[in-house]
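Participant:
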Amino acid sequence: MPEFSPFAVLERQKPIDLEIRSSERALGIHTAYDRLNEASLFIDRKFLNYGIITGVTKKPERIFGDNEWADYLDGRLFAKEYGQQDLTPAFVTQLHTKLTTRSNLDVGGKLRDIGVIGGSFDSTGEPIVLPSEQVAAINSNPQLSFKKIEAVDGGERGHIVYPHSDTVEITKATADYHARELRRKFGAQYQEYDESAAPPPATIKDAVTKDLEEICEWFNIAKGQDQYNPHILAGLLQQRLASLHPFEDVNGTLSRVLMNWSLENDGEAPSALENPSADIYNDEETWIAKVSEGSNRYAESKKRQKMLREAGIDDLSALFGTGQDQVFYEYIFKHLKKAPPLPTNGDKHNHEKYEKFLEEFNDEMRTFQDFMARTSTVHATNGDHEITQGGLITPEFMHFALNTKLHVLPEALRTQLFSDVEVYRGGMIDGEVTDEKICQMFTQYTGVGTGYRALQRSHLPATSGQRVTGNVIQESLEYYNKMLAKSYFIKKHGDIPNPYSGGAATIRDIASTAQDHISGGKNIWNSPFASTSLDRRISAGFAQKFESPLFADAQHGVLFTAQVPREGTILTHGQKEIEGIGLKHKYESEREVLLPGALTPASITAIEVFDRYSEIFFGQIVPKVIARREERDGQSVVIIDDRRGAVVVKRTYTYNPAIYRYEFTAEEHTQELVPAEVPPKPTITFKNNWYDISALAHDIKPLYIPALKEESEELFIKKDFTKFEMYDSTPEKNLLYIEKVSYPTFIKKDYDHKDIMNFESPEEIITEKPQYIIKPNNIISKHNIIKDFKFKK
């Protein structure tokens, strides 16, 4: 038989695996997401999160054991098949048998005939310490009581007494609520325990049977009312069954399966409780609220599952939103503390051990977030918004780099991955920019939108319109995480070996790498970042560098509008410095935003294309093509306004998820083109000791001095001040002069900012050669002024 034939695979599978698969299929469980959502109804969230975060198991649904998961599935299936019938003791007993067939057969379906007390989860026989509010909740429960041994700070130490257990003597060494251990330990270890003093087992069993019958009767009467709240009814059913503790074991699972049976029969989502063990530690009203919250949690998780499935994202941490925790453990915490292994073969879980581990994990993660992440308010072209800086990039987000299906997202998922802050990236591009190329840039990484590190590894120039592969982008994202982790170890754990230092794979720290990026340092090609700006005008300038010798052959420039990702973004202009990076841009007016990897195609909302011979309209170069991505009737469309002919032609492309491409669907001619207004030849004249620059008034703000502060903007806009008084050698503020320059077309903006007064930076002007530049100065003299000054169209 071939080693990997289907029959050989089946032969190697354990019988329990086949049974589990059969039950899962019967319950409609087919994917890893399905299993995790179902497991959230069975397993404590802390254990599920632990398994996902640390990766100690590939099957988190089996954390409690294979047999336990198989029994749970059989119980769920039995309850679903039972349907809308009345709740009866016989049904409850049969359900309990299903839930224990493999994992706990000797107690299955047998009502307890002994008294039961509750103690520590983790130390058999030890009392439990509870805060005062939980003790009060237990004592307010008519079925329970708390027998205090001693008062402790903020609470009490003692045991929980379940119904019909008053005759059981409770000592410091009393066993926990597992009745088999209770009977064994009292009988074997404590001679003072007189079993004959307890009521005969039949008496306790009769009492428990009677109580169970009363619960069933109460439930059926309530269910028969014309109006009732499904969550109140299901929550009380679960809490009353858990409080009665009718069987020796598996009462918690039994009560929750019945709770969800009740909810689903009423058309409600089952309840994924945050802490199932807290049922008897809360009063009725509080517990009902938690059951309702759990129902909403499950419903939201199923919605998210649908979105993730449609987008092609296959990552369990994405479903529960534990991506940040998982990546923090992978890059940092596992180097500080080893995760305790999970029990096997259905062994008992030590709650205290895992809670302590998660507490230490969360404390360290908070320290990291305070040190390496910030939420800042930014002033963008589309308004003021909050933006999250720094932090690690999750596996969920990295998944974008590997799967082309992810570059077109439903709106609901887009808002979870990207903020509403708009950034812009401009650049020159080689070759022709066709509709096909534009649609490709909406769905694939391309050189013109990619960071230095990925470009170097792709052997592409920054002007390339060619595709950049996802694995290259992923490497940049992972490198970013490693840089962040290295910096954290340097500054917070310098006393231990840094896992990211030494050897051929040494990682640079993020602060120096980012600084090299913004200043053009020698190690710039190590930078995993792509530059963008919050200022559209700044980025548009990089899409219009037609006069630069560097782009002499380029016929087109492109300007991207995109949404900022919620992970890995770094501001360079001092909005709020991240302590762990300490970055502050020298040229704050550029309002630069660094994005790790590249401009993610899924984030792009618009692309503008500029031609070498585009018209100038009121000082602005007019784009020849404007493409916008929108969502219409649940479909992603790209609408292209083509202004390269005599009329504006609007073409629509609709995304086809079967082939992961936009396909042409419609075309219309919308309007006649209005010829662009070309500014007249401006001149500057000298009259009565004034230099009149009124001819430049409409150009100065939008093109040449856009970075003026508010005081100067008021001067230009409100007062319409279009001429400046000049004094031969008197220092003045807010004055401009025009200087003839003889160096090449591309003028570097490297003036000393300390002498600029009310201006943030000088601005480049494109003119006929020889070139001129307008810049601020403190001392103006007549010979500085060029009287005949013209602009290039």
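Residues in the sequence shown are numbered consecutively from -6, following the numbering used here. Even for Gly, the Cβ is constructed at its ideal location relative to N, Cα and C.
Just to confirm, are LEU92 and THR246 a CB contact at a threshold of 8 Å?
Facilitator: Here the question's residue 92 lines up with position 99 in the sequence shown. Here the question's residue 246 lines up with position 253 in the sequence shown. Against a cut-off of 8 Å, the Cβ pair of THR246 and LEU92 comes out as a contact.
Participant: Rounded C-beta distance between ILE197 and ASP99? I'm assuming under 8 Å.
Facilitator: As a working note, residue 197 is residue 204 in the sequence shown. As a working note, residue 99 is residue 106 in the sequence shown. Not quite, the Cβ-Cβ distance comes to about 18 Å (not below 8 Å), so this is no contact.
Participant: Ordered along the chain, which non-local residues of its own chain (more than five positions away) have a Cβ less than 8 Å from that of PHE84?
Facilitator: On the sequence shown, residue 84 is found 91 positions in, with the first residue counted as 1. The residues are TYR75, GLN78.
Participant: Note down, in chain order, each residue of its chain lying with its Cβ closer than 6 Å to the Cβ of ARG644, except the 5 sequence neighbours on either side.
Facilitator: Here residue 644 is taken as the residue at index 651 of the sequence shown, counted from 1. So the list reads ILE633, GLU660, once near-sequence residues are dropped.
Participant: From the DSSP secondary-structure annotation, give me the bridge partner or partners of SER524.
Facilitator: Translated into positions along the sequence shown, residue 524 becomes position 531. SER524 is bridged to LEU587.
Participant: Specify, as a first and last residue, the run of the beta strand (DSSP E) that THR645 falls within.
Facilitator: The sequence position of residue 645 within the sequence shown is 652, counting from 1. Per DSSP, THR645 belongs to the beta strand (DSSP E) from 640 to 649.
Participant: Helix or strand or just coil, what does DSSP make of ALA332?
Facilitator: Taking the sequence shown and counting its residues from 1, one reaches residue 332 at position 339. The answer is coil: DSSP assigns ALA332 none of H, G, I, E or B.
Participant: Could you spell out the range, first to last residue, of the alpha helix (DSSP H) harbouring GLY287?
Facilitator: Position 294 of the sequence shown, counted from the first residue, corresponds to residue 287. 277 to 304 is the extent of the alpha helix (DSSP H) around GLY287.
Participant: Give the DSSP bridge partners of ILE633, in chain order.
Facilitator: Within the sequence shown, residue 633 is the residue found at index 640, counting from 1. DSSP lists ALA620, ARG644 as partners of ILE633.
Participant: What residues are listed by DSSP as bridge partners for TYR417?
Facilitator: Counting from one through the sequence shown, the residue named residue 417 turns up at place 424. Paired residue(s): SER526, THR554.
Participant: Can you tell me which of the three DSSP states THR315 falls into?
Facilitator: As a first step, residue 315 must be located in the sequence shown, where it is residue number 322. Coil.
Participant: Pull up the CB-CB distance for VAL201 and LEU104, whole angstroms please, since I reckon it's below 8 Å.
Facilitator: Here residue 201 refers to the residue found at position 208 when the sequence shown is read from its first residue. Here residue 104 refers to the residue found at position 111 when the sequence shown is read from its first residue. About 5 Å separates the two Cβ atoms, so the contact holds.
Participant: Any chance you could list the alpha helix (DSSP H) runs of at least 4 consecutive residues sitting entirely within the region 449 to 522, in chain order?
Facilitator: Those alpha helix (DSSP H) runs which fall completely within the region 449 to 522 and span 4+ residues are 463 to 485, 503 to 512.
Participant: ASP308 by DSSP, collapsed to three states: which one?
Facilitator: Here residue 308 corresponds to residue number 315 of the sequence shown, with the count starting at 1. In the structure shown, ASP308 sits in coil (DSSP, three-state: anything other than H, G, I, E or B).
Participant: Taking contact to mean at least 3 C-beta pairs separated by less than 8 Å, is the region 296 to 303 in contact with the region 257 to 270?
Facilitator: No, they do not touch.
Participant: With a threshold of 7 Å (Cβ to nearest heavy atom), would LEU230 be considered close to the ligand ADP?
Facilitator: No copy of the ligand ADP occurs in the structure displayed, which carries no ligand at all.
Participant: Pull the bridge partners of LEU104 from the DSSP assignment, please.
Facilitator: Translated into positions along the sequence shown, residue 104 becomes position 111. LEU104 pairs with PHE240.
Participant: Where ILE517 and THR47 are concerned, what is the direct C-alpha to C-alpha distance, given to the nearest angstrom?
Facilitator: Translated into the one-based positions of the sequence shown, residue 517 becomes position 524. Translated into the one-based positions of the sequence shown, residue 47 becomes position 54. For ILE517 and THR47, the distance between alpha carbons rounds to 34 Å.
Participant: Tell me the DSSP secondary structure of ASP36 in three-state form.
Facilitator: Taking the first residue of the sequence shown as position 1, residue 36 is located at position 43. Correcting the residue identity first, residue 36 is Ile in this sequence and not Asp. The answer is coil: DSSP assigns ILE36 none of H, G, I, E or B.
Participant: What residue from PRO650, ILE619, LEU309 has the CA that sits closest to VAL641's CA?
Facilitator: Here residue 641 refers to the residue found at position 648 of the sequence shown. Selected option, being the one with the closest Cα: ILE619.
Participant: Given that a residue counts as buried once 16 or more other Cβ atoms are within 10 Å of its Cβ, and exposed if not, what is LYS283?
Facilitator: Taking the sequence shown and counting its residues from 1, the one referred to as residue 283 is at position 290. LYS283 comes out buried.
Participant: Can the beta-carbon of THR81 be found closer than 8 Å to that of GLY102?
Facilitator: One-based indexing of the sequence shown puts residue 81 at position 88. One-based indexing of the sequence shown puts residue 102 at position 109. No. Outside cutoff.
Participant: List the whole-angstrom C-beta distance separating MET358 from ASP308, where the pair is believed to meet the contact cut-off of C-beta under 8 Å.
Facilitator: By 1-based counting over the sequence shown, the position of residue 358 is 365. By 1-based counting over the sequence shown, the position of residue 308 is 315. The Cβ separation is near 19 Å, so there is no contact.
Participant: Let me make sure I understand the geometry here. Which of PRO589, LYS327, SER310, SER494 has the alpha-carbon closest to that of TYR26?
Facilitator: If you number the sequence shown from 1, residue 26 lands on position 33. If we check each option's Cα against that of TYR26, SER310 comes out closest.
Participant: What's the call for TYR493, buried or exposed, on a 16-neighbour Cβ count within 10 Å?
Facilitator: Here residue 493 refers to the residue found at position 500 of the sequence shown. Result: buried.
Participant: From this set, LYS73, ARG621, ARG450, which residue's C-alpha is nearest ILE431's C-alpha?
Facilitator: The residue you call residue 431 lines up with position 438 of the sequence shown. Here the closest residue by C-alpha is ARG621.
Participant: Based on DSSP bridge pairs, tell me the residues matched to PHE535.
Facilitator: Here the question's residue 535 lines up with position 542 in the sequence shown. DSSP output for PHE535 lists no bridge partner at all.
Participant: With respect to the alpha helix (DSSP H) encompassing LYS73, which residues constitute its N-terminal and C-terminal limits?
Facilitator: Stepping through the sequence shown from its first residue, residue 73 is reached at position 80. Counting along the chain, the alpha helix (DSSP H) containing LYS73 begins and ends at 59 to 75.
Participant: Please return the same chain residues whose Cβ sits closer than 7 Å to the Cβ of THR593, not counting the five positions on each side in sequence.
Facilitator: Counting from one through the sequence shown, the residue named residue 593 turns up at place 600. Closer than 7 Å at the Cβ level, and outside the excluded window around THR593, lie PHE393, PRO558.
Participant: Can you grab the Cα-Cα spacing for the pair LEU29 / SER288, in whole Å?
Facilitator: Sequence index remark: in the sequence shown, residue 29 carries index 36 (1-based). Sequence index remark: in the sequence shown, residue 288 carries index 295 (1-based). One C-alpha to the other measures close to 15 Å.
Participant: With distances taken from CA atoms, which of ARG150, THR598, GLY108 is nearest GLN127?
Facilitator: Start at 1 with the first residue of the sequence shown, and residue 127 comes out as number 134. Here the closest residue by C-alpha is ARG150.
Participant: Closest to ILE273 by CA distance: which of PHE354, SER138, HIS157, ASP219 is it?
Facilitator: Here residue 273 refers to the residue found at position 280 of the sequence shown. Measuring from the Cα of ILE273, the nearest candidate turns out to be SER138.
Participant: Can you tell me which of LEU251, GLN220, PRO223 puts its alpha carbon nearest to the alpha carbon of ALA235?
Facilitator: Numbered from 1 along the sequence shown, position 242 holds the residue referred to as residue 235. The option with the nearest alpha carbon to ALA235 is LEU251.
Participant: What number of angstroms, rounded off, separates the C-alpha of GLY463 from the C-alpha of MET365?
Facilitator: Here residue 463 refers to the residue found at position 470 of the sequence shown. Here residue 365 refers to the residue found at position 372 of the sequence shown. If you take the alpha carbons of GLY463 and MET365, they lie about 26 Å apart.
Participant: What span of residues does the alpha helix (DSSP H) with PRO11 cover, start to end?
Facilitator: For the purposes of this step, residue 11 is taken as residue 18 along the sequence shown, with counting starting at 1. According to the sequence shown, residue 11 is Leu rather than Pro. First-last of the alpha helix (DSSP H) with LEU11: 8 to 19.
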